[in-house]
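*Asks:* Submitted below is the structure of interest, expressed as structure tokens.
Protein chains: 2
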Amino acid sequence: MSGNTVQDLLRRRASHLSRSLSVLYDDDPIHVVRASGQYLFGADGRQYLDCMNNVPHVGHSHPRVTEAVCRQMKLVNTNTRFLYEPLVEYAERLTALLPDPLSVCFFVNSGSEANELALRMVRTHTRRRGIVVQDGAYHGNTSGLIDISPYKFNGRGGAGKPDFVEVAATPDPFRGIHRGADAGARYAADAVAAIDRAGVSEFGAAAFIAEPLMGTAGQIIPPDGYLAAVYRGARAVGALTVADEVQIGFGRVGTHMWAFQTQQVIPDIVTLGKPIGNSYPLGAVVTTPEIADSFANGMEYFNTFGGSPVACAAGLAVLDVIEDEQLQAHALRVGAHLKASLAELMARHPSIGDVRGLGLFIGVELVDDPERRSPETDLAERMVLALRREGILISSDGPDHNVIKIKPPLPFSIADADRLAVAVDRFLREAAS
Amino acid sequence: MSGNTVQDLLRRRASHLSRSLSVLYDDDPIHVVRASGQYLFGADGRQYLDCMNNVPHVGHSHPRVTEAVCRQMKLVNTNTRFLYEPLVEYAERLTALLPDPLSVCFFVNSGSEANELALRMVRTHTRRRGIVVQDGAYHGNTSGLIDISPYKFNGRGGAGKPDFVEVAATPDPFRGIHRGADAGARYAADAVAAIDRAGVSEFGAAAFIAEPLMGTAGQIIPPDGYLAAVYRGARAVGALTVADEVQIGFGRVGTHMWAFQTQQVIPDIVTLGKPIGNSYPLGAVVTTPEIADSFANGMEYFNTFGGSPVACAAGLAVLDVIEDEQLQAHALRVGAHLKASLAELMARHPSIGDVRGLGLFIGVELVDDPERRSPETDLAERMVLALRREGILISSDGPDHNVIKIKPPLPFSIADADRLAVAVDRFLREAAS
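Each protein sequence line maps, in turn, to chains A and B.
Per our numbering, the first sequence runs over residues 1 to 433.
Per our numbering, the second sequence runs over residues 1001 to 1433.
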């Protein structure tokens, strides 16, 4: 019966949805019918532990977010050309969580729209076009963002690097080009060199755009001091700094609300998405009054749905739940526990080359040998499938797809962490036997 | 009290929201607290007749849409990498409303994201980069779309026309460069010439992108036969045709579900937005299997929120209401009545140069004299403000901002139409005295 609905849905997808859209576990995809907290429930009656979805940040279908959205939808959903309380309240609440001088908000519908708008801002403000990004980075699905996403322009179907883009090395201290004690300084020098290349090009250096912790590149935690040195280099040539917090913002890193804070920097522009509305389509750009003023050059910025009363109600409810359920502290505690459990497994399993992360943003890198560190891509894929059979949803990524990514909804518990660690251990024991 | 909340909201907006965001009626903006059908209600207790918002298509806060969204939000909101019924059901329902071979859907979060994706598709499919657009057109707020929107790149703060864009004349039979019986053929020849210019350029002609009826350009209804001739010219050189139905789709034109049908054409790609989710952030691109296949070149297309179960539930509810409340036929009937009432006023008011439109997409063009047709920009602005004082919300647009745009939520009634016509008449009588 459930198998039948899966086949039926796949057949119907094939008729009316593009093959460009992928389905997870294509041999045995999951027909989801409901979800709650950190669990998805299939039409087959099974419960799945969700270790992969960072969008339902405060938990799938959190009743407070649902209630806030429904309450506001019944009243009115309109646009920012009208005045309404939720917009200003949300802008105040959001900017209160960000350091000065990040105080001016723009609301959009997705992380892609946020990064698109950030691109427009840095170019309007600096009157330059060159953009510096990190290798392996992904910033969104529009043409303008694919152009600045090495993950896409160097990937399958990609058209290669555009002239106006300069690429800095992925600041990966485990398997990247620089390792050891001075890796941070050397990666920073590499990025500053890329900024300087843009600076002397015909395009000029408009901005350095980066996730403070990298997601698709393989859960990369840059060495301490890296981002501060890069930002200094950018500012030395008048380039702006953009922190893409779409994947990792809103307390996931545990110690701070924002990942850039773990690198002791304050960007000129922050872009927000995914977790911001707990699945309601919402994104934001927050910048300084100075940059917002440059951008206000006479061209109106209008976003039909962005900053609507309902979107703001969703955003406000997410902030309330993060605070009331102390989810940032929870992410720190559970993340530390899970990281420790996974690190313990390293002693028994040489294929675990690295366990890294902050809060509930964790990566487990699978390699053939702790020293040689060749990627175990196939092992990672088999682990993803084995865990799925056990009812645990997890994904792999990175340029060699050998990094297991862990970024669950924040209610993820100590018991869930233990269940995950046990499953990883069991899979690796069986794989080795 | 209400004045105080308006001042308070304006002050708080000034602190945390960009000046690039405009507010309607800046001397006396409206603090909206609830809405229903075709009415907005202010914190001042006043009811406002909404003649401007085409996004709450089936009526502000329609209970069936709210209920569908809330029901699905309580169950699960996830992404298209999982299987769920609402996605395939919505794709089936939507494509059933479109002519063959438009049968493959992509779901996104806004009209801008839809047009962005259409741009990627036409370039991937044709391996060309040149885009032909109509003068005065607006296709969205990303950099890639501002580049193809003369309304923006030639407007305040605009950077001018990029090399890869060719601009065809606005097919405006009233005040454009071609008038009279052969205007359609002459505008078509102008557009085909632009397509041919792109074709011989270094970029090649990837696509002709146009709203079948133009919105921001001033509620332009092209002459009969125009689009068919342009599409023939595009196809003759292998360029694709994109119909931007973001403003005007879903039955507003009354005689048909889609505006392109009023011009007897079938585009290669249709983009949808604004009304599609009745204010829930949603957009779509529908294309042919052939173009979808070219686009599936190995690069995954992933849109975090696009096509989520909740978005699809909103889309499905909108289709249900359009059908059950027979809103397309209603738009035809009420639109015809309103157009007739406004046309009657032309005899008394020489400043009404033209009344045009299809269904509930109507424009009233104000000019100094029916023959000379110089734009009465100031009169249009004063009319907008006078009607606002009467509790009627309406806007002006077009290159000279002298066209009164009427595009209300579809429940707009005969009585509402009469109220609007009486108010227009009264204003023009007072303005002339």
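The beta carbon of each residue, even a glycine, is placed where N, CA and C say it ideally should be.
Computed from a prediction, not measured in an experiment: that's the story for all the values here.
Would Gly249 (chain A) and Val270 (chain A) qualify as a contact pair, given that the criterion is a beta-carbon distance under 9 Å?
*Replies:* Result yes, Cβ atoms of Gly249 (chain A) and Val270 (chain A) sit closer than 9 Å.
*Asks:* Taking the Cβ atom as the reference point for each residue, do Ala1035 (chain B) and Thr78 (chain A) lie within a distance shorter than 9 Å?
*Replies:* yes
*Asks:* Could you tell me the distance, in whole angstroms, from the CA atom of Val1265 (chain B) to the CA atom of Phe1106 (chain B)?
*Replies:* 21 Å
*Asks:* What separation, rounded to the nearest whole angstrom, lies between the Cα atoms of Thr1170 (chain B) and Gly1136 (chain B)?
*Replies:* 7 Å
*Asks:* On the three-state DSSP scale, how would you describe Phe1082 (chain B)?
*Replies:* coil
*Asks:* Leaving out the 5 sequence neighbours to the left and right, which residues in its chain are closer than 6 Å to His16 (chain A) when beta-carbon positions are compared?
*Replies:* none
*Asks:* Can you pull the chain B residues whose beta carbon is under 8 Å from the beta carbon of Val403 (chain A), in chain order?
*Replies:* Residues of chain B passing the Cβ test: none, with the nearest at roughly 18 Å.
*Asks:* Between Ala380 (chain A) and chain B, is the shortest Cβ-Cβ distance under 9 Å, so that the two count as touching?
*Replies:* no
*Asks:* Do you know offhand how far Val286 (chain A)'s Cα is from Asp1028 (chain B)'s?
*Replies:* 28 Å
*Asks:* Name the residue from B:Thr1262, B:Ala1043, B:Asp1293, B:Ser1395 whose alpha carbon lies nearest to the alpha carbon of Ser1103 (chain B).
*Replies:* B:Asp1293
*Asks:* Hey, could you find the ends of the alpha helix (DSSP H) Glu1323 (chain B) is sitting in?
*Replies:* 1309 to 1324
*Asks:* What residue range is occupied by the uninterrupted alpha helix (DSSP H) comprising Ser294 (chain A)?
*Replies:* Segment 289 to 295, the alpha helix (DSSP H) holding Ser294 (chain A).
*Asks:* Within 10 angstroms of its Cβ, does Gly160 (chain A) collect 16 or more other Cβ (buried), or is it exposed?
*Replies:* Gly160 (chain A) sits exposed, since fewer than 16 C-beta atoms from the chains shown fall within 10 Å of its C-beta.
*Asks:* In whole angstroms, what is the alpha-carbon distance linking Arg12 (chain A) and Leu1094 (chain B)?
*Replies:* If I take the Cα positions, the gap works out to 13 Å.
*Asks:* What's the call for Ala1421 (chain B), buried or exposed, on a 16-neighbour Cβ count within 10 Å?
*Replies:* buried
*Asks:* Using a 10 Å radius around the Cβ and a threshold of 16 neighbouring Cβ atoms, would you call Leu385 (chain A) buried or exposed?
*Replies:* Exposed, because fewer than 16 other Cβ atoms sit within 10 Å of the Cβ of Leu385 (chain A).
*Asks:* So, under 8 Å CB-CB, Gly1233 (chain B) and Val1167 (chain B) are touching, yes? Tell me the CB distance rounded to an integer number of Å.
*Replies:* About 15 Å separates the two Cβ atoms, so there is no contact after all.
*Asks:* Let's test the definition: count the other Cβ atoms within 10 Å of the Cβ of Ala1311 (chain B) and tell me whether it reaches 16, buried, or not, exposed.
*Replies:* With 16 or more Cβ atoms within 10 Å of its Cβ, Ala1311 (chain B) is classed as buried.
*Asks:* Inspect the beta-carbon positions of Ala1206 (chain B) and Asp1397 (chain B) and report whether they are closer than 9 Å.
*Replies:* no
*Asks:* Just to confirm my understanding: we take Val122 (chain A), look at its own chain, exclude 5 residues before and 5 after, and list those with CB closer than 6 Å. What are they?
*Replies:* Ala206, Ala207, Leu240
*Asks:* Per DSSP, what kind of secondary structure is His349 (chain A) in: helix, strand or coil?
*Replies:* His349 (chain A): coil per DSSP, three-state reduction.
*Asks:* Pull up the DSSP beta-bridge partners for Phe41 (chain A), would you.
*Replies:* A:Arg34, A:Gln47
*Asks:* Under three-state DSSP, which class holds His1016 (chain B)?
*Replies:* helix
*Asks:* Does the separation of the CB atoms of Gly155 (chain A) and Met1383 (chain B) fall below 9 Å?
*Replies:* no
*Asks:* Given a cut-off of 9 Å on the beta-carbon distance, is the pair Tyr301 (chain A) and Gln263 (chain A) in contact?
*Replies:* no
*Asks:* Let's see if you can read the secondary structure: which residues bound the beta strand (DSSP E) around Ser1395 (chain B)?
*Replies:* 1395 to 1397
*Asks:* Take Asp1268 (chain B) as the anchor and find which of B:Val1006, B:Ala1243, B:Gly1180 has the nearest alpha-carbon.
*Replies:* B:Ala1243
*Asks:* Mind listing the chain B neighbours of Ser18 (chain A)? Cutoff is C-beta to C-beta under 8 Å, in chain order.
*Replies:* Simply Val1104, Cys1105, Phe1106, Ala1292, Phe1295, Ala1296, Tyr1301.
*Asks:* Output yes or no for whether 9 Å exceeds the beta carbon distance between Leu24 (chain A) and Gln38 (chain A).
*Replies:* no
*Asks:* How many Å lie between Ser143 (chain A) and Gly363 (chain A) at the Cα?
*Replies:* Taking the straight line from one Cα to the other gives about 29 Å.
*Asks:* Leaving out five residues before and five after Tyr231 (chain A) in sequence, what residues of the same chain have Cβ atoms less than 8 Å from its Cβ?
*Replies:* Phe208, Thr241, Val265, Pro267
*Asks:* Measure the CB-CB distance between Leu1360 (chain B) and Gly1335 (chain B) and report whether it falls below 9 Å.
*Replies:* Yes, the Cβ-Cβ distance between Leu1360 (chain B) and Gly1335 (chain B) is below 9 Å.
*Asks:* Would you mind working out which of B:Ala1228, B:Ala1343, B:Ala1415 sits nearest Ser1351 (chain B), comparing C-alpha positions?
*Replies:* B:Ala1343
*Asks:* Tell me which residues share the same chain as Ala118 (chain A) and place their Cβ nearer than 6 Å to its Cβ, disregarding the 5 neighbours each side in the sequence.
*Replies:* Exclusion of the five residues before and after Ala118 (chain A) leaves Val242, Ile269, Thr271, Val285 as the residues of its chain whose Cβ lies within less than 6 Å of its Cβ.
*Asks:* Out of curiosity, what's the CA-to-CA distance linking Ala1068 (chain B) and Met73 (chain A)?
*Replies:* Each residue's Cα considered, the two are about 11 Å apart.
*Asks:* Please list the terminal residues of the continuous beta strand (DSSP E) segment that includes Val1246 (chain B).
*Replies:* Element bounds for Val1246 (chain B): n/a, residue is neither H nor E.
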